[in-house]
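As structure tokens, the structure follows; a few thoughts come after it.
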Amino acid sequence: MKTFLNKKSLTQGIGLAVLTKQTATNVAVLTFAGSSIDTASLSDGNRVQILPDGYFLPTDGRDVDVDGGQWLMDEQAFVSLTANIAQRKNDFMFDYEHQTLYTEKNGKPAPAAGWFKKLDYVPGEGLFAVDVDWTPTATKHISDKEYRYTSAVFSYDLKTGRPIELMHVALTNEPALDGMKAITALKAISTNSTTNEKGAAMNAATQLLALLGVTVASDADITDDQLTQGTVALKALQTKADLSGQLEKDLNTAQTSVTALKAKATAADASVDLSKFVPKETYDAAITQVAALKATGDSNSVEQLLKDNSDKVFESEISYLTDFGKQQGFAALKSMVDSRPAIAALKTTQTRGKKTLGENIAVLTSEQKYTAEQLGLSDEDYLTQIKQETI
């Protein structure tokens with residue numbers, strides 16, 4: 013069972029709460045069932061609950077010295093607690109029976125039961141100490157059920173009741189602490205350190221909010237709305253951090269895939285059967301050469317076609333027909349020429365005083381060979397006849 017002790021106005025607007033046993037003094041006590049620790053706490057990530065969630069009150073019906081009459085643990089309180097963690101240099105400590113508060117009075121040592129650096133807030137559950145590093149002695153005490161409960165010491169806002177700063181936590185059972193002595197000890201410890209406690213806490217929270225893009229005037233208190241904005245900004249940063257981590261994983265996966273594909277491509281290049289495939293560069297060069305040879309062949313064929321059909325072509329149109337054949341192709345030119353009627357006079361008038369088309373003929377064309385065959389002449393005789401006819 014968990015109890016809390018509070019103290020009025022150590023500083024303006026700030027109170028102190030200590031987990032302890034109810035006494036007849038002016039102290040605030042909270043009995044919080046759900047705070048027991050056991051061997052499960054030693055194995056379950058060493059998480060220990062130290063405050064409940066939401067509003068909480070003492071079980072004996074006494075008033076709490078805050079405007080709302082009760083303490084409040086929520087996300088805004090967690091922002092303040094987190095801001096103060098950033099100002100700490102030392103780890104948080106678990107001690108035994110709050111001996112830290114009495115060591116100057118009784119001269120006894122205050123050995124640590126455990127240490128932790130982080131706090132975690134779980135809506136609907138409360139505030140937890142995370143990754144508690146228990147000492148071997150404390151581990152044995154807990155395992156043997158010699159200690160079962162925790163007792164937190166924290167400062168809180170007298171207006172809202174929200175915890176501001178966690179000071180330390182103790183292992184305890186049914187506490188035999190004298191409430192007034194606990195308060196006296198807290199006074200002695202806090203005389204020098206808590207004079208500007210609220211100012212330091214507010215300054216730390218203001219700096220944290222400024223980093224989150226929430227501006228608080230230097231002479232103004234932090235409002236609930238500003239704390240809400242800070243909480244939203246923190247969650248947004250967490251989301252971005254999660255996305256960044258995922259993007260890094262995706263990038264690493266992509267790089268691994270690229271490396272694997274490159275290795276696969278290299279292996280594939282080494283296993284290509286050159287009897288079935290040729291390099292693309294070789295293929296492209298061959299296509300270019302074939303096109304060039306075809307163009308040359310087409311040009312020679314066009315000129316030969318015009319010579320073979322000199323009786324169908326006017327000398328003035330040879331240049332045009334040559335260009336036509338090169339542009340439209342040999343087949344188109346041949347179709348045009350074949351459709352024309354032969355004009356015998358063209359062979360005489362166009363070759364008078366000039367070398368004729370037949371003078372340079374050394375080999376018969378396929379059409380001329382066909383004509384010679386139909387006439388029953390040899391190629392040589394038909395060639396001689398052609399040359400004689402063109403003189």
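Counted the way this note's numbering counts, the sequence shown spans residues 13 to 403.
For glycine and all other residues, C-beta sits at the position ideal for the given N, C-alpha and C.
For Ile-62, the secondary structure class from DSSP, reduced to helix, strand or coil, is strand. Shown here, Asp-77 sits in coil according to DSSP, grouped into three states, outside any helix or strand. Out of Ser-313, Arg-59, Val-270, Arg-352, the CA that lies nearest to the CA of Val-325 is found in Arg-352. Residue environment for Glu-109: buried (at least 16 other C-beta atoms within 10 angstroms of its C-beta). With a cutoff of 7 Å on beta-carbon distance, His-153 and Val-165 are scored as not near each other. Going by C-alpha positions, Pro-291 is about 54 Å away from Leu-358. In the structure shown, the three-state DSSP call for Tyr-67 is strand.
By the neighbour-count definition (other C-beta atoms within 10 Å, threshold 16), Gln-238 is a buried residue. For the stretch 205 to 291, the continuous alpha helix (DSSP H) assignments of 4+ residues that do not extend past its boundaries occur at 209 to 223, 236 to 282, in sequence order. Here the C-alpha atom of Thr-300 lies approximately 29 Å from the C-alpha atom of Lys-319. In the pairwise beta carbon analysis, the stretch 252 to 260 is classified as not touching the stretch 88 to 98: fewer than three pairs are separated by under 8 Å.
Assigned with DSSP and collapsed to three states, Ala-297 falls in helix.
Between Pro-123 and Val-144, the alpha-carbon positions lie close to 15 Å from each other. In the DSSP assignment, Leu-84 is bridged to Tyr-67. A direct Cα-to-Cα measurement between Leu-273 and Asp-296 gives close to 26 Å. Rounded to the nearest whole angstrom, the CA to CA distance from Thr-268 to Leu-259 is 14 Å. In the three-state DSSP reduction, Ala-122 falls in the coil class, being neither helix nor strand. For a cut-off of 8 Å, the C-beta gap from Leu-220 to Gly-242 is around 7 Å, short enough to register as a contact.
A distance below 7 Å between beta-carbons, with the five flanking residues on each side excluded, links Leu-376 to the following residues of its chain, in chain order: Ala-384, Asp-391, Tyr-394, Leu-395. Per DSSP, Thr-172 is not a residue of any beta strand (DSSP E), being assigned neither H nor E. The C-alpha of Arg-174 lies about 54 Å from the C-alpha of Val-270. Counting only runs of 4 or more residues that sit fully inside the stretch 324 to 366, the alpha helix (DSSP H) segments are 330 to 340, 342 to 350, 356 to 361, in chain order. Classified as buried, Ala-182 has 16 or more neighbouring CB atoms from the shown chains inside 10 Å of its CB. If the five residues before and after Thr-184 are omitted, its C-beta is found closer than 6 Å to the C-beta atoms of Glu-109, Tyr-161, Ser-163, all from its own chain and listed in chain order. DSSP, reduced to helix, strand and coil, places Leu-389 outside both helices and strands of the structure shown, so it counts as coil.
Remark: C-beta atoms of Ala-150 and Val-60 do not approach each other more closely than 7 Å.
Val-284 has its alpha-carbon roughly 48 Å from the corresponding atom of Glu-379. Beta bridge pairing from DSSP links Ser-163 with Ala-182. Residue pairing from DSSP places Leu-131 in a beta bridge opposite Ala-141. In the three-state DSSP reduction, Tyr-114 falls in the coil class, being neither helix nor strand. Across the set Val-228, Lys-261, Asp-350, the C-alpha of Asp-350 shows the shortest separation from the C-alpha of Ser-322. The alpha carbon of Lys-120 has as its nearest neighbour, out of Gln-111, Trp-127, Leu-223, Gly-126, the alpha carbon of Gln-111. Cβ-Cβ distances below 6 Å link Lys-117 to nothing in the same chain once the five nearest sequence neighbours on each side are left out. Nearest in C-alpha terms to Glu-177, of all of Thr-94, Ala-298, Met-348, Ala-356, is Thr-94.
Check the Cα spacing between Trp-83 and each of Leu-286, Lys-399, Lys-171: the tightest is with Lys-171. If you draw a 10 Å sphere on the C-beta of Ser-92, you find 16 or more other C-beta atoms in it, and that means buried.
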